[in-house]
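**Q**
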Amino acid sequence: MGCGASTANAGRSYPESGKKLRDDAALEDVYDLGGVLGEGGYSTVRVATHRETGEQFACKVITLPKAGRGNDDCTVPSRESVMKEIDALLDLDHPNVVGLKEYFVDQSKVYLITELLRGGALLEAVLEKGHYSEADARAVFRQLILAIQYLHSQGVVHRDVKLDNLLLVSPGDISHIKIADFGFAKKLHSGQGSAMQTVCGTSGYIAPEVIQVAMLPSGDVRSTWDQKQQHYGVVLYMLLAGSPPFFDASEPRLLRSIMHAKYDFDTEAWEPVSGEAKDLIRKLLVVDPAQRLTCEQVLQHPWMSQVLDEGAQLPATAAAIKQELTRRRSSNRSGTLQQRIEEALRETPSGSRAATPAVSASVTPLRSDMQAAAAAALAEAGGPSPQRHT
């Protein structure tokens, strides 16, 4: 799909619900862009202040490649993939899904104006909360499942569900979170079915069948993504333990663990966790997708309605989360997300500031050596030959 200057939109193909495309004005005529909130390889998120109302939003600025297409591993956005992200966000309206207000297009960039989530990243909020319980973890997980259930009902697949993409609406309030970052999302239109031809996501969260899809020859990659596809069990495991179920510095060994569902509940963090919570994880972290629970089945699981002691804390989990955040900060930008937001606001004109916002822009795609790593994992494991998913 071509994307030229906003003054030359005739003949251009946009998502069907293009009512949110602002082709009547340039971005700078409507918004003042302030400090940087987050950065990815090909996108930047900045504070956007409406010039007339003073209301603040988040503006995701996506740089389009000069050529008409990006690469095939989701690490370089093509013009078509950017428009698919917009297509996925259009018309979504759910309390646990970030909303798209409008978007602008010029010759080299696309600007997505979304609501500004002021509560910060979930993990940082958990750490700052001072106390964290199994009931807290369930409250977050329930919101995630309700959001995913809604997305599926709208024909939208997120394809990168992870803790990093769960943000708080208000500071310190984990009772209201939203799924953000639809950079890998896709909307399945009527008659298209559930087939997708690109392997996207984040290594530690992907399902075993997706690893096998990555092994298929180029041009033959075809996988079905349905309500059982994403490994929501990884999110739940991390919410309860503070660490991932699958982790290894070696990509092949990591993928091998995922393919054989090699995880345990042996750490100290699991001692106070209920048996029902562990049972739900066992029914989500399974190799055979046919045996994996759907969103509806998750919501009906006994743990989701079990009476939990909200005063029973998970101290080892909080300690593991702190260790994980420390590791991330030492290898990335310093400080918490909220501290980085403060820095961004200092770069925003004082006349256009409002309450302190927070938004996440990071997306960690599968690395370009994914196919080689999957091959090595299969070789090490003596695992099954890749199966074609139709």
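Numbering (UniProt numbering), first residue to last: 1 to 390. Even glycine gets a Cβ: it sits at the ideal position worked out from N, Cα and C.
Note down, in chain order, each residue of its chain lying with its Cβ closer than 7 angstroms to the Cβ of Leu-163, except the 5 sequence neighbours on either side.
**A** So the qualifying residues of the chain are Leu-122, Leu-123, Val-235, Met-238.
**Q** With DSSP as the reference, label Leu-151 as helix, strand or coil.
**A** helix
**Q** In the DSSP output, what is Lys-178 paired with across the bridge?
**A** Leu-167
**Q** Report the residue ranges of all beta strand (DSSP E) runs contained in full by the segment 40 to 106; include only those spanning at least 3 residues, in chain order.
**A** 43 to 50, 56 to 63, 100 to 105
**Q** Alpha carbon to alpha carbon, what distance is there between Glu-52 and Tyr-205?
**A** Cα to Cα, the separation comes out at about 42 angstroms.
**Q** Pairing CB atoms from the segment 307 to 315 with CB atoms from the segment 93 to 109, are three or more of them under 8 angstroms?
**A** no
**Q** Tell me whether the segment 93 to 100 and the segment 272 to 291 touch, counting them as touching only if at least three CB pairs, one residue from each stretch, are closer than 8 angstroms.
**A** no
**Q** CB Val-30 to CB Arg-46, shorter than 8 angstroms?
**A** no
**Q** Counting along the chain, where does the beta strand (DSSP E) carrying Lys-109 start and finish?
**A** 109 to 114
**Q** Here's a check: name, in chain order, each residue in its chain whose Cβ is nearer than 6 angstroms to the Cβ of Arg-346, leaving out the five neighbours to either side.
**A** With a pLDDT of 49 at Arg-346, under the threshold of 50, the predicted position of this residue should be treated as unreliable, though the coordinate-derived value follows. Cβ neighbours of Arg-346 beyond the five flanking positions: none.
**Q** For Phe-247, does the count of other Cβ atoms within 10 angstroms reach 16, so buried, or fall short, so exposed?
**A** exposed
**Q** Helix, strand or coil, according to DSSP, for Ser-274 in the structure here?
**A** coil
**Q** What three-state label does DSSP hand Gly-119 in the structure shown?
**A** It is coil, neither helix nor strand.
**Q** Which first and last residues belong to the alpha helix (DSSP H) in which Ala-241 is found?
**A** 232 to 241
**Q** Can you tell me whether Lys-187 is helix, strand or coil according to DSSP?
**A** Here Lys-187 sits in strand by DSSP.
**Q** Does DSSP classify Leu-285 as helix, strand or coil?
**A** coil
**Q** Roughly how many whole angstroms lie between the Cα atoms of Lys-20 and Thr-114?
**A** 11 angstroms
**Q** Sort Glu-39, Gln-313, Gly-34, Glu-85 by Cα distance to Phe-182 and report the nearest one.
**A** Glu-85
**Q** Could you tell me the alpha carbon to alpha carbon distance between Ile-211 and Asp-160, rounded to whole angstroms?
**A** 14 angstroms
**Q** In terms of residue numbering, what span does the alpha helix (DSSP H) encompassing Asp-29 cover?
**A** 27 to 30
**Q** Is the beta carbon of Ser-175 sitting closer than 8 angstroms to the one on Ala-139?
**A** Judged by beta-carbon spacing, Ala-139 lies within the 8 angstroms limit of Ser-175, meaning their Cβ atoms are closer than that value.
**Q** In its own chain, which residues sit with a C-beta less than 6 angstroms from the C-beta of Ser-243, not counting the 5 before and 5 after it?
**A** The answer, listed in chain order, is Ala-320.
**Q** What three-state label does DSSP hand Leu-308 in the structure shown?
**A** coil
**Q** Going by the beta-carbon positions, is the gap between Leu-117 and Lys-178 smaller than 8 angstroms?
**A** Cβ atoms of Leu-117 and Lys-178: closer than 8 angstroms.
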